[in-house]
Structures are given as C-alpha cells and as structure tokens.
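In my numbering, the protein residues as written are 67 to 258. We put the beta carbon where it would ideally sit given N, CA and C, even for glycine. Worksheet: the structure to be examined is printed underneath.
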C-alpha cells in the first residue's frame, strides 16, 4: 500500500490506474448503498479519484489509501443525502407557500363570482358521470389514497388497467371541469 502511495506522489499514472482498477467497483457499491442510484454513485467515485490525484503529493506516506478513498466516498455520499433532504424540505415549504397564497387570493374574490357550493356540485356530478370502472378507480386513488398497485390487487386487474382507467378519468374530468380546473387544482390538488 505504501509503495502505491509513494508512486502516486511521484505522478506515476500506471500506479494510479492500478489503484483505480482495484477500488473502483467496491467504492461504487459503497456509494450506491447510500444513494440508491448507480449513475450518481459513479459520479461520487469519479470525484474521489480526481481528489486523490489532486492531493497525491500531500497525502502522508503512512496513510491507508483504501481508508482514505472509502472515507472520501462515504462522506461525499452522505453530503449528497443531506443536500437531497434540504432540497426536499425547501421544495415542500415553497409548495405550501404557493398554495397558501393562491388560496388567500381566491378568498379575496367576490362571493358572487365564485360559488363554492356550485363548484362542489359540479365536481361531484362530473365524478358520478364517469364510466363505472373509471369512477371506481378514481375514487380509490383520490379519496381512499390507495396506490395503483393496491387498487389493482383490490379489483383483480393489472396495474396497466388501473393506470388506463385513471388516465381516462382525469382526461374526462379535465374536459368536464375545464372552467373550474385552476380553482380545483388550488383548493383540492386532486387532479395533479
């Protein structure tokens, strides 16, 4: 190990290639374990080897090269996970702020222009007018919060059939409720 580190500090590319060939796959597996994404894991490993090349002359000769690389890949993978969480949290905050402001704007609209009871009746009527299977799948998806796989199992149909019924139901509802669609999406977020 120390010979490889010494030759790396002397810019020997063949030694670097040996290290790369030896550790590339195990490092990819480690990063993928954390990230769950092969392409992203490969990127993390590539960055680790670039860093190794950049700091090769600064690494202490008594250092364990394997530990250096594994620690670098682990830390970079964990940093990506932290960034994902921050982005997800930020996205959720923005989403709720947008809904809040849209709702606030709607509440300022004149009551004579916007009759919520009329809207509810139109939505209910449009849903009840859906073809039987589309209606059943739509209600299970949107009102019972079942996933497509759960609906397929419950109805004894394929996942593709459930997806086809949902697609058809949403298409019909968008057409039937086109005048109310922006309001519906803001208030109930059920046609997304």
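Using only the alpha-carbon positions, how far apart do residue i and residue j sit?
i	j	result
residue 190	residue 150	39 Å
residue 219	residue 242	29 Å
residue 95	residue 155	28 Å
residue 90	residue 118	13 Å
residue 187	residue 196	14 Å
residue 228	residue 146	35 Å
residue 106	residue 144	12 Å
residue 244	residue 148	41 Å
residue 209	residue 157	25 Å
Run the CB neighbour count on residue i, radius 10 Å, all protein chains shown included, and call it buried at 16 or more, exposed below.
i	result
residue 240	exposed
residue 231	buried
residue 204	buried
residue 97	buried
residue 121	exposed
Is residue i helix, strand or coil when you go by DSSP?
i	result
residue 80	helix
residue 138	helix
residue 217	helix
residue 208	helix
residue 149	helix
residue 190	helix
residue 223	coil
residue 234	helix
residue 259	For residue 259 there is no data in the structure shown, the boundaries of the chain being 67 and 258.
residue 239	helix
residue 143	helix
residue 229	helix
residue 196	coil
residue 109	helix
Taking the alpha carbon of residue i as the reference point, which residue from the options has its own alpha carbon closest?
i	options	result
residue 142	234, 123 and 114	114
residue 238	140, 124 and 200	200
residue 234	216, 192, 221 and 134	192
residue 132	93, 116 and 153	93
- Message: Three Cβ pairs or more, each shorter than 8 Å: is that satisfied between the region 76-85 and the region 96-112?
- Response: no
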